[in-house]
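Take a look at the structure below.
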Amino acid sequence: GEDVEQSLFLSVREGDSSVINCTYTDSSSTYLYWYKQEPGAGLQLLTYIFSNMDMKQDQRLTVLLNKKDKHLSLRIADTQTGDSAIYFCAESDQGGKLIFGQGTELSVKP
Amino acid sequence: DAGITQSPRHKVTETGTPVTLRCHQTENHRYMYWYRQDPGHGLRLIHYSYGVKDTDKGEVSDGYSVSRSKTEDFLLTLESATSSQTSVYFCAISESASTEAFFGQGTRLTVV
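Residue numbers (this note's numbering), protein chains in the order written: chain W, 27 to 136; chain D, 6 to 117.
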């Protein structure tokens, strides 16, 4: 079945780059997403990438997609304390349903 | 924020009682989803709807039912709540199957 895997924790210093990794299994996924969840809040869509793209950049965010290895990464440049949150990777199936990873808790230390 | 309102935001209920959670949208989006979030599992799909009166099961549908009698409302019912259904429930909407989903703020349900 479909499965999405993420490491659970990442700790970085303010100003450094953060890289959050994700692997997925469904090669037919059309879109892959990154969501951010702050404590007590819902999920906020950060960015997404079409499966026929290798890279997408949006201000401090860079998404890299390696379709051969089914590996997705999110790089946050110049990480700030406000970036501390849980980041979810998700793939969508043909019906638009999202399959989420467990989430990576990013901790940014001053 | 997308126009999604979940109610109630918090609820404590007793084992064996029925519970209904409501998701209301003002975006006129066709697709609506109910997910639950539990530690170590991320979010898992319970049920979804692709139109009025059109619903289907997700990964963890046992013990849950849904109804969608109009575009803007998607109801999730726990017929007889159990402690394993203690969770945070999120509603999401999307315009189509190939567009991004937007999430509500969540409902924290505790079954005692």
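No residue lacks a Cβ here, since even glycine has one placed at the ideal position from N, Cα and C.
Check: Which of helix, strand or coil DSSP assigns to serine 88 of chain D; Outcome: helix
Check: Contacting residues, own chain, Cβ-Cβ under 6 Å from leucine 50 of chain D (five flanking each side not counted); Outcome: Tyr40, Gly63, Glu64
Check: Residues of its chain near asparagine 57 of chain W, where Cβ-Cβ distance is below 8 Å and the 5 sequence neighbours each way are ignored; Outcome: A quick correction: the sequence has tyrosine, not asparagine, at residue 57 of chain W. Cβ within range, chain order: Tyr74, Ile75, Phe76, Ser77, Glu117, Ser118.
Check: Inter-residue Cα distance where the pair is aspartate 109 of chain W and asparagine 47 of chain W; Outcome: 16 Å
Check: 9 Å Cβ cut-off: residues of chain W touching phenylalanine 95 of chain D; Outcome: Gly68, Leu69
Check: Sheet register partners of arginine 39 of chain W (DSSP bridge); Outcome: W:Lys135
Check: Any chain W beta carbon closer than 7 Å to valine 50 of chain D; Outcome: It is leucine, not valine, that sits at residue 50 of chain D in the sequence shown. For leucine 50 of chain D, the answer is yes, since a Cβ of chain W falls inside 7 Å of its Cβ.
Check: Three-state secondary structure (DSSP) of glycine 68 of chain D; Outcome: coil
Check: Element boundaries [beta strand (DSSP E), containing methionine 37 of chain D]; Outcome: 36-43
Check: CB contact flag (phenylalanine 35 of chain W, glycine 47 of chain D, <7 Å); Outcome: no
Check: At least three beta-carbon pairs within less than 8 Å, the stretch 99-106 of chain W to the stretch 24-31 of chain D; Outcome: no
Check: Chain-ordered neighbours of tyrosine 53 of chain D on chain W, where CB pairs are closer than 7 Å; Outcome: Lys123
Check: Short Cβ contact (7 Å threshold) for glycine 8 of chain D with threonine 31 of chain D; Outcome: yes
Check: Given serine 54 of chain D as reference, the closest of D:Ser99, D:Gly45, D:Ser88, D:Thr10 once Cα atoms are compared; Outcome: D:Ser99
Check: Span separating the alpha-carbon of phenylalanine 33 of chain D from that of threonine 76 of chain D; Outcome: According to the sequence displayed, residue 33 of chain D carries asparagine and not phenylalanine. Taking the straight line from one Cα to the other gives about 7 Å.
Check: Start and end residues, beta strand (DSSP E) containing valine 113 of chain D; Outcome: Looking at the sequence itself, residue 113 of chain D is arginine, so the reference to valine does not match. Where arginine 113 of chain D is concerned, the enclosing beta strand (DSSP E) stretches over 112-116.
Check: Cut-off 6 Å between Cβ atoms - residues of its own chain near glutamine 32 of chain W, not counting five sequence neighbours on either side; Outcome: Cys48, Cys115, Gly127, Gln128, Thr130
Check: CB-CB length for threonine 115 of chain D against arginine 14 of chain D, believed under 8 Å; Outcome: Going by Cβ atoms, the distance from threonine 115 of chain D to arginine 14 of chain D rounds to 12 Å, so no, they are not a contact pair.
Check: Pairwise C-alpha distance: glycine 68 of chain W and valine 93 of chain D; Outcome: 10 Å
Check: Cβ of phenylalanine 108 of chain D within 7 Å of any chain W Cβ; Outcome: yes
Check: Chain W within 7 Å of glutamate 19 of chain D, Cβ atoms only; Outcome: no
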